[in-house]
Structure formats: C-alpha cells, structure tokens
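In my numbering, the protein residues as written are -8 to 356.
Note that CB positions come from ideal geometry on N, CA and C, so glycine has one too.
Note that this is a predicted model, so its numbers are computed, not measured.
Single-structure report; data block below.
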C-alpha cells in the first residue's frame, strides 16, 4: 500500500472517531447534567399578596403641640465664666422646663441650673419670672425650680412603661434659645444607659426627635400629650444623626417628688463597683456564667462587704430581679429602700450562693 493511501486511511479514522464521540454526546441515552437547585418551576400567575389594611397615616401633631406648649417654659441661667486669661465674665445659658403643677413648680435638668447665679423663666404667654432652685440631683440630672406664680397651665405625667419602639413622640423645648419649638420622631430604644460627662444615666428613652442645645429639660410627649420623658442628652458627632435621649417619666417621677418634698434625693447603697459580664468576658476570664454584674471594687465595711461579697463575685439576682448587666443592678438597687434587707444570688467560681444585705443611705461623697 502506498504512503498516499495510508495517510488517507489515518485521516478517515481520526475524523470517524471525532464524529463518533460528538454523536455519543448528543445521544438520547446519555444522562443530562444533574442540578442542585430546589427552586420550583416559574409561576406566571404569581403576584404580591394583598394588603389586609391600608397604611396607617401620620398622627395629627398640631393638637398635641397645642395641648402641651402652654406648660413648656424657657429657662435662662446666669453663670460666671472665665476666659483664657482667667478673667471672669457673666454668661447666659438657655434651657427648658416643664410646669408640673399650677403653683409654679418646674421640672428641668440639673445641668441646666447647675452653678447658676440667677435663673429666669419665660412662660408661653410671654411673662417672665425669676426662679429659685428647690432641689437638684446630679446623679439623675434632674432638678426642680419654682417661680412665684399660681393658676398656671401644667403638663400631665404619662407612664413611660407603656411606650413601644417605633411609637411617635414629640420633643418640645427652647431649642438654641430661640423660643419654644416642637420636633417629631419615634422611640428608637428603651431602657438605655448613656455616659454623660462621667455620670451614667439609666433608664433613658432614645428618640429620633431632634434635640438641640436649649432643649434640655423640656418634655418628650406621646400622642396623647402626656409627658413620657425629660430630654437630657444627645450624641454629637459628624457621623451620628438622630440619637437623642430623655429621662423616662417613671424614672423621673419619684426623684422629682423627693426634690419637692425634701430638697434632695437619697439613694440606697451597696458599696461596690461592678462591670457587665458578657460571653466574651466570661471566656477571657474563665467565668462560669456569661451574664450578670461582676464586682470589680468593694468598699470595706459596706453592706456588700458585710454580707460576704468579694471581688470577682458575679451578682445574678438582686431581690426578685434578674441581673444581666450593670444597668439592671443599679436600677434594682435604686428601686429598693434604705434599711431594706435584700437577698442576693451570686456566683463565685463554679458555685452559686445566696446572701442577704441591708442597704444603707449612699454617702454624700
């Protein structure tokens, strides 16, 4: 056989094999590739489910503002300040307040009237009065001042425990010292703790309602026009928006009553400094629990010391209240009475123990 025929035969064999392989790949007997998808076949008739109810309209704000506005006052304080050369001068600071009865008692923030040499109040009807401090409490940032007037419009006190996240609220106050204004927002969080200048405030309401300098001491009200909070602090930073806080009405009410009745507030005292136990802290310190309040400092001779509590004990129950963090413990102590005996459940190492403590009045220092 000549070389020509041999070459042709090789070409035919190669082409035949290629065609055969291609034909096998198209053969109906070959298995199709398997898919891992569990999706159902398309549904040409699918539509969004019908809505059961129409969207809820915005609340009617003007009647709420008209109800509350007469009880909101502008507070101006006169303070002595110093310039960079140490020279003293008189400065004026703006704030807000709430008339809480018809005899001139006004609730506001402690930081509004702190160190004031003079306090002046302007009512919604334009009348101006000098005011005296009845009592002030730096721990809660609350104060009560009084003007010499009667038959005054006053705000109604609401129950902050009934608030829900997402609920509409209004903040009313003397924003920027330019007169009483109202801003709307919602409740963003409840029972919040915020460190304000080294003093931790507990039981706060976080809101998106705009709170500006001068709003401090003014009311946060619900859509019934009831005071559910006293605006106190906001977070100010270039990347932060809509994070203002108000002291809840239920936290403020007993403090305001004590300031009016006795001129001061007394707090029960346990005698410890604590930190919050988290899962991360529990893992890093090999704790047997991942919640509670861990004792970091304890005062010798304090109620806690006398009850047998020691460093690194983790308090998990205080009376009938479960303790998951520092805020829980602080609020549980503050809701107790001076000289009250309270049962404490704590964890030491792997052991859960119980002791009783008799609370005393918090030292003035």
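Here residue 239 is near residue 219, since their CB atoms are less than 9 Å apart.
Bridge pairing for residue 38: absent [DSSP].
Take the alpha-carbon of residue 246 and the one of residue 327: they are about 13 Å apart.
In the DSSP annotation of this structure, residue 150 is not part of any alpha helix (DSSP H), being labelled neither H nor E. The segment 216 to 264 is shown to contain whole alpha helix (DSSP H) runs of 4 or more residues at 240 to 253, in chain order. With respect to the 9 Å criterion, residue 192 and residue 224 are classified as neighbours on the basis of their beta carbons.
Boundaries of the beta strand (DSSP E) harbouring residue 121: 119 to 128, taken from the DSSP string.
Distance from the CA atom of residue 299 to the CA atom of residue 290, rounded to whole angstroms, is 12 Å. By the CB criterion at 9 Å, residue 163 and residue 204 fall outside the cutoff.
The straight-line gap separating the alpha-carbon atoms of residue 84 and residue 318 is approximately 31 Å.
Looking at 43, 260, 60, 93, the one whose alpha-carbon comes closest to that of residue 324 is 260.
Residue 104 sits in a helix when the DSSP states are folded into three classes.
When the Cα atoms are used, residue 331 and residue 350 turn out to be separated by approximately 6 Å. Taken in chain order, the complete beta strand (DSSP E) segments of 3 or more residues contained in the segment 171 to 211 are 172 to 187, 190 to 198.
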